[in-house]
Each structure stands twice: as C-alpha cells, then as structure tokens.
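Note sheet for the following structure.
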Amino acid sequence: MAQNKPMQGPRGRMRGPKPKVKNPGKLLKRLLSYVFKNYKLHSIAVFICIVIGVLASVQGTMFLQTLIDEYISPLIGAENPDFTPLAKAILRVACFYLIGAASAYIQGRLMVLITQGTLKSLRDDMFVHMESLPIKYFDTHAHGDIMSIYTNDIDTLRQMISQSIPQLINSVFTIVSVFYCMVTISVPLTAVSIVMVVVMLFCAKNLAGKSGKYFVKQQKDLGKVNGYIEEMMEGQKVVKVFCHEKKNIDEFNELNNSLFDSANNATKFANVLGPVNAQLGNMSYVLCAIVGGILVSYTGLTVGGLASFLTFNKSFSMPINQVSQQFNSIVMALAGCERVFGLLDEKPEADEGYVTLVRAKKVDGKIVETQERTGMWAWKHEHQADGTVDYIELTGNVVFDDVDFGYNEDKIVLHNVDMYAEPGQKIAFVGSTGAGKTTITNLINRFYDIQDGKIRYDGININKIKKYDLRRSLGIVLQDTHLFTDTIMENIRYGKLDATDEEVIAAAKLANADGFIRHLPDGYNTILTGDGTNLSQGQRQLLAIARAAVADPPVLILDEATSSIDTRTEKIVQTGMDNLMRGRTTFVIAHRLSTVKNSDCIMVLEQGRIIERGTHDQLLEQQGKYYQLYTGNSIKN
Amino acid sequence: MLKTILSNVKEFKKDSIITPLMMIFEVILETIIPLMMASIIDNGVEKGDVNHIFKMGGYMVIAAALSLITGLLGGKYAASASTGLARNLRQTMFEKIQSYSFANIDKYSTAGLITRLTTDVTNVQHAYQMILRMFVRSPATLIFAMAMAFTINSKLACIYLVAVIILSIILGFALTRVAKYFANVFKKYDDLNASVQENISAIRVVKAYVREDHEKSKFRKASDNVYKLFLKAENLTILASPIMQITVYTCVLLISWLGAKMIVQDSMTTGQLMSLLTYCMNILMSLMMLSMIFVMISMSYAGAQRIAEVINETPAIQNPENPDFEIRDGSVEFKDVSFRYDSGENEPVLSDINIKINSGETVGIIGGTGSSKSTLISLISRLYDATGGEVLVGGKNVKKYDLEALRNNVSVVLQKNVLFSGTILENLRWGDENASEEECKEACRLACADEFIEKLPEKYNTFIEQGGTNVSGGQRQRLCIARALLKKPKILILDDSTSAVDTATDAKIREAFATKIPDTTKIIIAQRISSVQHADKIIVMENGKINGFGTHDELVRNNDIYRDVYESQTSGSGDFDENRGEA
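Those protein sequences? They're chains X and G, same order as listed.
Numbering-wise (our numbering), the first sequence opens with residue 308 and increments by one.
Numbering-wise (our numbering), the second sequence opens with residue 7 and increments by one.
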C-alpha cells in the first residue's frame with residue numbers, strides 16, 4: 308500500500324566513509340532532547356500521526372482480505388447480489404484512508420516546522436556561541452572545518468531529523484503491526500517470511516560492507532583529486548609561466564583515474580543492493596505462495612487470507628530494507644551531530660572584569676558619571692572589598708610590567724616585556740617576522756591572556772576591566788584587512804554604529820579614502836562582496852583606517868596598517884594618519900621607515916625579547932640591530 | 007551545451023546504452039511477475055492446484071533470477087557510465103584550463119573553476135546516473151504497467167489513465183514552483199553561510215570593535231529569513247505525499263468496488279483484481295519518480311552549463327602556426343604598445359609604451375599601485391597579448407615564437423607566487439625537470455636561498471606544504487627566484503619578488519645576478535629604491551604610462567615622482583621587515 312514516504316530533497320549527496328562516533332546513544336539522546344525542548348507537543352503529535360498513518364495503511368491491507376473473502380466470494384453466483392455491505396465496507400475504509408492521508412499531511416507540516424525550526428535554532432545557537440569564543444579557538448581551528456559544521460553537518464542533521472528518524476519510527480511500527488497481522492493469518496507462513504528477511508539482511512550487510520570499503524576509498528581519492536585541483540587552480544598562473552601544463556595533465560589523469568576506479572566500484576555495489584533485495588523479496592513471495600497454496604489446500608487458510616498475507620509479505624520486507632539503508636545515514640548524521648555539539652560545548656571567552664567604561668564629565672575637579680556626550684570617558688572602578696566607586700579618567704596610559712606570554716603554556720614566546728606608553732605617545736615595534744610584534748598587540752586587547760606579569764591601562768590591571776569596555780577603548784587596524792558584505796558606508800560605520808553619514812565621510816577623508824570611494828560607480832553606496840575583492844589591497848587598508856578613525860578611540864593599534872599602500876600613496880595617507888594619531892596613544896608595527904621614524908619610542912624585538920629601545924636617533928647611534936635592519940649593513944665588530 | 011557534455015561520454019557509450027536497455031528488461035520482468043502472482047492465486051490457490059503453484063512459482067523464480075541479472079548488469083553499467091563521464095569531464099576541463107591564457111583565467115575566479123571541477127561534476131554524475139537508470143525506466147514502467155492493466159481489464163484501467171493525468175498535472179504544477187522556491191532558498195542559504203564564513207575570517211575585527219551583538223542580530227535576521235523561505239518551500243513539497251496517497255487510495259477503492267461487481271458478474275477473476283491493484287502502485291510511483299527526475303535534471307542543469315562554459319572557452323592566446331623556436335638574445339622592445347583588459351570599453355591600462363632594453367641590461371621599474379607595472383612585464387612572455395603596438399623579444403614580435411620556447415626563455419617570478427606541495431627539490435625542478443641536485447643548489451646560492459635551506463633539518467628534501475605555508479614570505483620569494491633561475495632564461499623578470507626579503511639579502515641577490523648571470527636581461531619591479539637604484543636604466547610608471555626612463559642619477563635630477571619616492575625612502579632603505587632571525 309501507499310508507503311508513508313516523504314519526498315527526498317532534490318540535492319544529491321555523497322555517502323562518505325562510515326565515521327566513528329564515540330557515544331552514539333548519548334548523542335542521539337541529546338539531539339532528541341534539543342528537538343523536544345522547543346517542539347515537545349509537535350513531536351508528540353508527529354508520533355501520533357505516524358501511528359495513525361501506519362494503522363490506516365495496515366487497515367487498508369487488511370481490507371483486501373475481507374474484500375475477497377467476505378464481500379466478493381459470497382456474492383459470486385448469487386442471484387441478486389446485495390452490494391450494500393461492500394459499499395459500506397469501502398466507505399469505512401475510505402474513511403481510514405482519508406484519516407491516513409490527513410495524518411500524513413499533518414505529519415509533514417509538523418516535521419517541516421520541527422526540522423527547520425530546530426535547524427534554525429541550532430544555527431543561531433552555534434553562531435551566537437561562536438561569537439563568544441576566544442580568538443584562540445579561531446586560531447587553532449581551520450576555518451574550513453568550522454564552516455563545514457555550518458554546511459555539511461547541519462545538512463546531514465536535516466536529513467536525519469526530517470527523514471531518518473520519522474522513517475525509523477514508521478518502519479518499526481509498520482514492522483510490528485504487519486508482523487502482528489501476519490501472525491494472525493498464518494504462523495507457518497510468517498516463519499517463511501522471517502527466514503527470507505534474515506537472508507535479505509545478511510545480503511544487505513555484506514554488500515553494504517563491500518560498498519562501504521570502496522566508499523571510503525572513493526572519499527579519499529576524491530579528497531586527493533579535489534586537493535590537487537585546488538592547488539593547481541590557485542597556482543594556474545605559475546603553471547603557465549613554467550610551461551608545466553603537460554606534466555600537470557599527466558599527474559591529474561593519474562589521480563583522476565584512480566578516483567574513477569574507486570567511484571565506479573563504490574557506485575556499483577550501492578546500485579546492486581536494490582535489485583538484490585527486490586528479487587529476494589520476490590523469492591519470498593514465491594515461497595510464501597507455494598507454502599501458502601499447500602496450506603490452503605490442506606489447512607484452514609482461506610484464499611483471501613493468503614492474498615492478504617502475500618501483500619503483507621511485501622510491506623514487511625520494504626521497511627526492513629529501509630531501516631538497513633537508513634542506518635548508514637544515521638551514523639553519518641551522528642558524526643555531524645557530534646561536531647555541532649562539539650562547537651556548542653567549546654568554552655566561551657571568560658570575562659571576570661568588573662571595571663566598566665562610562666561617559667564622564669568633570670564637576671568641581673571631580674569626575675562624575677553622565678549620560679551626556681561629553682567626549683570624556685572614565686573607568687568606573689567598583690572596589691569589591693568595600694563597595695566604594697572610583698572614577699579614573701580614560702587617558703590611554705599603557706604599561707607592561709615584566710610580561711611573559713606563550714600561546715601554549717609550555718612554549719613562552721614573549722619574555723620579560725617591560726614597556727610604558729604615556730598618553731598620546733607613539734610607540735613602534737620593529738623586528739623580524741616571528742619576533743613577537745603582533746603578539747604584543749594581541750595582549751593589550753586581551754585576545755590572549757598573559758602568563759605572568761601585569762598589563763596596566765590607566766593604572767588599572769586590564770584583567771579587571773570588562774573585555775567589551777577594554778576593546779571599545781582601543782582602535783585596531785590589522786595586518787589583514789577584513790571587510791563585510793555591505794556598502795562602503797556601512798563598512799566604515801562598523802567602527803561606530805551610530806556614526807552619521809557625515810562622520811563616516813569625514814573619517815574617509817581623514818584616511819584619504821574619500822577620493823577613490825567617490826570614483827567608484829556607486830560611491831559610498833558601492834556594495835563590497837567577498838571580503839572586498841573588488842578593491843585593491845591598498846584601498847582595503849585605507850577603508851580599515853577609516854573604520855578605526857570613525858571609532859575615535861583613545862588608543863590605536865596599527866599592525867602593518869599601511870604595508871600594502873605604495874610609498875607615494877602612503878605619503879599622502881601619512882598626513883591623515885598623523886591626524887589620526889595626534890593625541891592618541893598609538894602602537895605601530897611597521898616595516899617602513901617613514902611610519903616608524905618619528906615615534907616617541909622604538910622597540911626592537913627579537914625572539915620575544917625587547918633587545919633595544921629608544922628614539923630613532925638614539926638607536927642609530929647604538930649601531931645595534933636597529934642600525935643593521937635600517938641600513939642593510941651588518942654590524943661591524 | 008548538452009552536446010558538449012555528451013561528447014565526453016566517449017568510451018562509455020556502450021555502458022550508457024546497455025544501462026537503459028537493462029532497465030527496460032527489468033521493467034518487463036517486473037510487469038510479468040505480478041501476472042504470475044495473479045495466476046498463482048487464480049489458477050493455483052483458488053482451484054487448489056498445487057502443481058500449478060509449483061509451475062508458476064518456478065517461472066517466477068526464473069523471472070526473478072533474470073530480473074536480478076538485468077538489475078545487476080544495469081547497476082554495474084550505470085555506475086561505470088556515470089563515474090566514467092565524471093572522469094572524462096574532469097579530464098577535459100582540466101586539460102582545457104591548462105590551455106587557458108591569463109585573460110581566460112582572470113575571467114573565471116579560482117573558486118569558480120574549483121567548483122566547476124568538483125561540485126558541478128559530481129552533480130552531473132549523479133544526474134546522469136539517474137537519467138540512465140530512471141529516465142527510461144519510469145516511463146517504461148508506466149507504459150508497461152498501463153498496458154498490462156488494459157489487457158486485464160480495459161474499463162478499470164481507464165481509472166488509472168485518469169489518475170495519471172490528474173496527478174501529473176498537479177505534480178507538474180507543484181514541482182515547477184517548488185524548484186523555483188528551492189533555487190531561491192538555496193541562494194539565500196548560501197548567502198547565510200557566506201556571512202558565517204566572513205565572520206569567521208574577520209573574527210578579530212568583530213571582537214576588536216566589540217561587534218558581537220551587532221553580528222548576532224544581523225545573523226539572526228538572515229537566519230530567520232532563510233527559515234521562513236525553507237518553511238514555504240518545504241510546505242509545498244510535502245503536499246506531494248498526501249496527494250499521492252489520496253490518488254492511490256481512490257484508485258484502490260474504485261477498483262475494488264467496480265472490480266467486485268465485475269467479479270460477481272463473472273467478467274473478472276479475483277487474481278486479476280489483485281494484479282490490477284499491484285499495478286496501481288507501479289504506475290503512480292513511477293509517475294512520482296519521473297517528476298523527481300525532472301527536478302534533479304533542472305538542478306544539475308546549471309552545473310552542466312557551467313562545465314560546458316569552461317570546455318567551450320577559446321584560449322585567448324594560441325601558438326602561432328609556424329612558430330620560431332630560437333630566441334636570439336634577451337633584448338626587449340616595446341613599440342607603441344597599449345593594452346586593455348576588456349577590448350572596447352574601459353580606459354586602456356597601458357598606453358604609448360615605447361622602450362628599448364638591450365640584452366644583458368638590468369632594468370628597474372618603479373611606480374605606485376595601479377600604475378600597471380605588472381601588466382607591462384606580462385606582455386613580454388605573452389601572458390597577455392598587447393592590444394595595440396608590438397612587443398619584440400630578440401628582435402622579433404613575441405607572437406611569432408613558440409609559446410613554450412618563449413616562456414622558457416623569459417622567466418617571470420610573479421608577484422603572487424605559489425609553491426606547490428612537494429619537496430624543495432621538486433619545487434625547484436619546476437624550472438628544469440632534469441636539473442641535477444648541484445644545479446639546484448647553485449640556483450639557490452644565487453637567490454640566497456641556500457643559507458636557510460641548509461639550516462632545515464631535511465635540507466633540500468624538506469616538504470613544502472600546499473601554498474608554501476611552512477616557509478616565511480621572504481623564504482618563499484627566494485625559492486621562487488631560484489626556481490625561475492633554473493630555467494636559465496635569457497630574460498629574468500622579478501615582479502616585486504624581494505619585497506619580503508631584508509635589504510641586506512636583497513642586495514646580495516642583486517650582486518649575484520650581476521656577477522653570475524651577466525648576459526641575462528634582468529627586469530626588476532620594486533617598491534624600494536634600493537632594489538633598482540643600481541640598475542642600468544629605471545622605468546618610472548604612472549597611470550599606465552611611462553613617466554620617466556633613465557639612470558638613477560638622471561631620474562633624481564629630472565623626475566618628480568622618482569625624486570619623491572627616493573626622498574621618502576632616504577638612507578637607502580626603508581624596510582625593517584623579514585630578517586627571520588638568521589642574521
């Protein structure tokens with residue numbers, strides 16, 4: 308009879324290798340309780356719908372038995388056949404069918420709601436949680452891997468919630484109720500059916516194992532081919548320059564052919580499973596017919612009974628096949644589920660800070676909190692011991708006191724860093740790659756926490772400052788510029804969400820970005836896509852500078868902010884940069900002399916230590932590392 | 007488009023024909039089996055004829071066995087045909103892309119090409135298998151089952167005919183709308199994922215500006231939008247199931263009612279009634295399948311189109327018919343050269359270029375970003391073709407040379423350079439496949455790469471990760487220079503290739519060039535004055551035009567741009583970057 312089978316989504320899906328899941332039971336329970344959390348009533352309703360659907364469909368099959376035995380056979384040969392009982396029966400069954408169809412529809416509607424709702428809340432939860440994770444998480448996980456949780460893993464979960472689980476429940480009920488009906492009709496025939504089902508399961512298991520093995524290989528080969536494609540497409544221009552095309556083609560063909568081999572085998576075995584099971588089902592039918600025919604002749608089995616049984620026989624083997632096919636996708640979905648919950652279980656960024664940043668004004672020489680936009684900010688320091696409140700003016704005084712830091716506990720990359728920056732000073736870091744320049748800036752805004760020593764901001768240990776407030780007071784322009792899919796206006800406004808258009812344009816002018824923006828077809832309303840790929844590296848950096856300018860923070864961190872701007876343009880930007888830096892404490896990492904030369908203090912870093920410090924002239928006089936880096940000459944002993 | 011795809015079936019034509027044939031056999035057998043089942047009930051069970059049951063059962067076993075064989079063969083050939091097509095498509099595309107010029111590559115993004123070679127091919131593979139197996143099978147089932155139903159009882163079979171027509175109208179209507187909805191939903195869904203991607207890579211910006219809440223609310227809004235679109239599309243989709251059920255049930259009941267009457271009137275047997283009911287499922291399920299296939303095909307259609315686009319692209323630069331293989335010397339001359347990326351529209355990227363560079367000279371090029379320095383040098387080895395004027399190498403127009411010969415003699419170290427996964431030696435041998443280890447080492451000495459390679463634990467056998475991520479920027483650049491040197495070119499072009507190398511090493515490399523390869527023409531694009539200051543001639547580029555051409559001293563005297571840059575970089579160097587702690 309009509310199987311309660313939801314339509315498969317149109318997206319094709321590759322079956323991957325069977326992944327190992329540590330605790331499938333626990334995961335399934337967690338997933339179900341996640342679903343139930345928001346959709347308890349819906350789930351119960353779905354469950355009821357499934358039961359009704361199964362019963363209605365069984366009822367329909369049972370009807371065939373009564374149709375022939377009770378309604379048709381007695382009428383045969385009758386002079387004036389009375390069709391009213393038949394009509395009544397058909398009407399009754401029609402009601403059952405209608406209920407079945409209605410419940411199928413309701414179930415479908417509910418399942419869509421549950422599935423999409425659950426996926427939406429999973430996505431939201433994942434994203435919200437992800438935003439709360441420390442930078443370390445992003446630095447230690449490949450971004451592609453994080454992405455694949457949002458795409459692949461959520462997709463497999465959709466499959467599982469919307470199809471596998473309901474179908475599993477459906478199948479179990481169908482099997483149980485059909486089994487019950489079969490037994491009531493004939494026990495010996497049921498035994499025959501069971502034997503055939505066992506044979507089917509055996510074949511399915513063997514074939515699935517074989518195909519699984521090839522699927523693993525196919526997945527591996529596919530990975531290799533895709534990896535090769537990715538690498539060569541990235542380097543295609545280099546390939547051309549070196550006339551390496553023929554060799555590439557040979558290498559590619561080799562990988563491509565071995566993928567063909569494994570894909571061919573994997574697909575073959577997967578294709579074969581269907582016909583094998585179908586024919587085993589037919590064999591089962593024949594066997595039951597033969598045994599049944601004998602039973603009809605020698606025992607009390609009726610013809611109608613046998614006819615129904617044969618139909619049941621079909622609806623018995625179908626769900627068993629389905630369950631065995633669902634099994635693989637459930638295991639796969641659980642592996643995805645594990646990664647989804649893995650992300651949700653990541654520890655969020657801790658924040659024990661209690662010192663907050665408030666708008667302030669001076670009344671009689673004392674700082675008080677205010678709602679007005681005074682342009683003055685103060686740290687609100689509530690002393691935990693006695694409950695008194697101190698206000699300290701935000702000035703941008705930053706002190707490093709004997710700071711040690713390592714990304715891993717056991718590998719210290721910064722040693723005994725001492726440093727102080729007076730408000731408004733410009734501090735520069737120079738040194739070779741890996742010397743620890745960027746690391747220092749990562750510590751000021753607490754992207755990472757230090758192992759030992761202290762960092763003080765306006766005299767307050769930064770561990771006591773609420774991270775949000777700490778970061779709000781710092782403006783950062785990073786080495787890699789990241790822009791968002793939005794208009795240029797909005798991208799600059801990112802620095803200060805309530806900035807007016809005029810403020811944004813002023814900031815762009817300050818950064819010398821106004822000129823090129825106006826030349827774009829839509830000016831400030833030009834929409835950037837794909838991290839601003841339609842702009843040059845230098846233009847992107849100008850936007851990032853404008854973004855920092857609009858934020859107007861007392862402390863600025865510029866990490867190679869002008870590295871991709873050519874020297875001539877930089878000269879033009881420089882005035883803007885100087886305007887931006889005026890009156891702010893600025894930390895600059897740069898390899899260009901022009902950016903560093905006029906700093907109040909230049910720190911030369913090597914292997915995590917400050918080896919020289921002083922002004923440009925002082926350092927040149929020392930004839931040390933700075934001198935060597937600067938002049939390109941080796942130190943003369 | 008279809009022709010392009012199908013022409014790639016090639017050696018799997020046989021498989022592609024056998025598969026649907028097998029499917030037809032399977033369908034025929036599947037149609038006959040219910041007849042046998044009916045006969046078992048009618049002539050065997052009802053009449054108590056056990057022998058007949060045995061006989062028919064025997065036939066059924068044979069039919070099932072045949073059906074099994076056709077099913078297995080069908081499965082096998084479908085697999086080889088579809089995976090074979092995928093292999094051929096990948097191969098054709100890959101080979102085609104290898105023949106692309108820079109202009110062609112620019113047209114497609116790297117990501118776009120990767121998608122076409124991976125996801126799109128996989129989709130086409132699935133669709134092709136579906137077509138081979140089901141596209142013939144479903145209509146065949148429909149027709150055969152219908153035919154059988156008509157031979158059993160033409161009056162009752164009319165019910166099916168009506169049902170099929172009604173159902174196909176409803177499904178057709180629903181599915182076209184569903185397909186449209188889903189295309190829309192998936193686009194929005196991809197956008198949502200793109201914004202996640204964006205957030206992951208820009209997480210430092212988000213956190214630095216404390217914009218977590220802003221991003222969260224942005225995401226929630228987008229995700230809510232996707233959720234609603236999905237609900238709309240899915241709710242339409244799930245209508246298919248109850249509609250299908252109602253149609254099947256209606257047919258079953260009608261046939262039971264009318265069939266019962268016929269049986270009573272003795273114009274039909276109970277067995278025939280049973281068979282008719284079995285065909286009901288066959289007919290309507292195959293209709294359902296057919297509609298799904300249409301959805302699948304329309305989904306993979308876009309992918310197939312993208313693949314065909316790659317295959318049918320004409321390479322912008324092709325080898326001349328009677329090419330010259332001999333390149334006399336390393337002289338370069340630009341005569342009235344102009345260039346634009348899109349012929350016709352935009353402003354020219356290069357214009358009025360007239361330069362003569364003698365063989366063995368060292369020439370520096372300096373200019374701001376966007377002054378088209380890179381474009382200028384890419385015309386020399388025909389990475390792009392000049393749109394106007396002539397580019398001469400060794401006194402002959404570059405278009406006359408064999409491409410491979412030209413590029414082997416003009417070695418370019420690109421600004422955006424790439425190392426490939428493999429050992430250092432393997433990477434170096436891109437320059438010359440047959441280079442001995444000693445030659446490779448010599449090239450590395452010239453490029454000052456040997457000093458750091460020797461310090462690596464595995465030296466020249468150190469494995470370079472994809473994209474060269476396990477060496478620093480400066481090290482990567484020096485390896486790329488060494489690789490280019492191994493070609494032993496007549497002209498060597500460095501496009502900002504020492505930007506991450508410290509000044510001292512940069513000077514050493516230039517020194518080595520001057521003494522070890524004096525006959526090679528060297529063209530060096532740089533940001534640093536110190537990198538070009540000692541060159542024989544220096545070109546100053548500005549907005550795609552030559553602003554100045556002369557020696558350092560001349561330019562300092564009479565070129566404003568050059569003097570500006572020079573003064574901003576006083577004292578010989580302005581870079582502190584990249585000393586890599588080896589000094």
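Note that the Cβ used here is the ideal one computed from N, Cα and C, for glycine as well.
These numbers were taken from a predicted model, which means no experiment stands behind them.
Item: Nearest-angstrom Cα distance between Leu945 of chain X and Val662 of chain X?; Value: Outside the displayed span of chain X (308 to 944) sits residue 945 of chain X, for which this structure offers no information.
Item: Could you tell me whether any Cβ in chain X is nearer than 8 Å to the Cβ of Leu434 of chain G?; Value: no
Item: Check the C-beta distance from Ile386 of chain G over to Val399 of chain G and give it rounded, since I have them as a contact under 8 Å.; Value: 6 Å
Item: Is the beta carbon of Lys496 of chain G less than 8 Å from the beta carbon of Asp335 of chain G?; Value: yes
Item: Given this structure, state the Cα-to-Cα distance separating Ala117 of chain G from Leu74 of chain G, to the nearest angstrom.; Value: 44 Å
Item: Determine the closest residue to Glu315 of chain G out of G:Ile165, G:Arg122, G:Gln481, with distance taken between C-alpha atoms.; Value: G:Arg122
Item: Is the beta carbon of Tyr605 of chain X closer than 8 Å to that of Asn572 of chain X?; Value: no
Item: Can Glu919 of chain X and Gln929 of chain X be called in contact, C-beta distance under 8 Å?; Value: yes
Item: Taking just the CA atoms, how far does Val419 of chain G sit from Val477 of chain G?; Value: 17 Å
Item: So who's on the other strand from Ile627 of chain X, going by DSSP bridges?; Value: BP columns for Ile627 of chain X are empty, so no partner.
Item: Using only alpha-carbon positions, find the residue among G:Cys164, G:Ile59, G:Glu410 that is nearest to Glu552 of chain X.; Value: G:Glu410
Item: Please tell me whether Tyr255 of chain G has its Cβ less than 8 Å away from any Cβ of chain X.; Value: yes
Item: Less than 8 Å separating the beta-carbons of Phe619 of chain X and Met503 of chain X?; Value: no
Item: Classify Ser941 of chain X as buried or exposed, calling it buried when 16 or more other Cβ atoms lie within 10 Å of its own Cβ.; Value: Because Ser941 of chain X sits at a pLDDT of 42, beneath the cut-off of 50, its placement in the model cannot be relied upon, and the point is left open.
Item: Hey, does Gly600 of chain X have any beta-carbon neighbour from chain G nearer than 8 Å?; Value: yes
Item: Do Pro861 of chain X and Thr702 of chain X have their CB atoms nearer than 8 Å?; Value: yes
Item: Counting only C-beta atoms, is Asn190 of chain G closer than 8 Å to chain X at any point?; Value: no
Item: Closer than 8 Å, CB to CB, is Lys213 of chain G near chain X or not?; Value: yes
Item: Using the Cβ count rule (16 or more neighbours within 10 Å means buried), how would you classify Arg399 of chain X?; Value: exposed
Item: Take the Cβ of Asn415 of chain G as the centre, count every other Cβ of all protein chains shown within 10 Å, and call the residue buried at 16 or more, exposed below.; Value: buried
Item: Taking the alpha helix (DSSP H) that Phe522 of chain X belongs to, which residues open and close that run?; Value: 494-541
Item: Exposed or buried, Lys761 of chain X, counting other C-beta atoms within 10 Å across all chains shown (16 or more means buried)?; Value: exposed
Item: Report buried or exposed for Tyr727 of chain X, applying the criterion of at least 16 other Cβ atoms within 10 angstroms of its Cβ.; Value: exposed
Item: Return the chain-ordered ranges of every beta strand (DSSP E) run that is complete within the stretch 678-756 of chain X and spans a minimum of 3 residues.; Value: 684-689, 696-700, 705-712, 721-728, 733-738
Item: By how many angstroms is the C-alpha of Leu8 of chain G removed from the C-alpha of Asn325 of chain G?; Value: 29 Å
Item: Applying the criterion that 16 or more other CB atoms from any shown protein chain within 10 Å of the CB defines a buried residue, is Glu588 of chain G buried or exposed?; Value: The predicted model places Glu588 of chain G with a pLDDT of 33, which falls under 50 and marks its position as unreliable; any figure quoted below should be read in that light. With fewer than 16 other Cβ atoms within 10 Å, it is exposed.
Item: Any chance the stretch 691-700 of chain X sits against the stretch 789-808 of chain X, with 3 or more Cβ pairs inside 8 Å?; Value: no
Item: Taking DSSP as the reference, what is the three-state secondary structure of Val169 of chain G?; Value: The sequence given here places Ala at residue 169 of chain G; Val does not occur at that position. Three-state DSSP puts Ala169 of chain G in a helix.
Item: Across which residues does DSSP place Tyr764 of chain X in a beta bridge pair?; Value: X:Val705, X:Ile767
Item: Whose CA, out of G:Leu12, G:Lys447, G:Arg482, lies closest to the CA of Ser88 of chain G?; Value: G:Leu12
Item: Name the residue from G:Arg388, G:Leu561, G:Ala490 whose alpha carbon lies nearest to the alpha carbon of Asn433 of chain G.; Value: G:Ala490
Item: List, in order along the chain, the chain X residues whose C-beta lies closer than 7 Å to that of Leu491 of chain G?; Value: Within 7 Å Cβ-Cβ: nothing; Leu491 of chain G doesn't reach chain X, min ~12 Å.
Item: Strictly below 7 Å CB to CB, what residues from chain G border Leu804 of chain X?; Value: His220
Item: Find out if the Cβ-Cβ distance for the pair Val545 of chain X, Arg413 of chain G is shorter than 8 Å.; Value: no
Item: Chain X beta carbons: is any one of them nearer than 8 Å to that of Glu560 of chain G?; Value: no
Item: What is the C-beta distance between Ile824 of chain X and Val811 of chain X, in whole angstroms, given that I count them as a contact (C-beta under 8 Å)?; Value: Contact doesn't hold; Cβ gap of about 10 Å is too wide.
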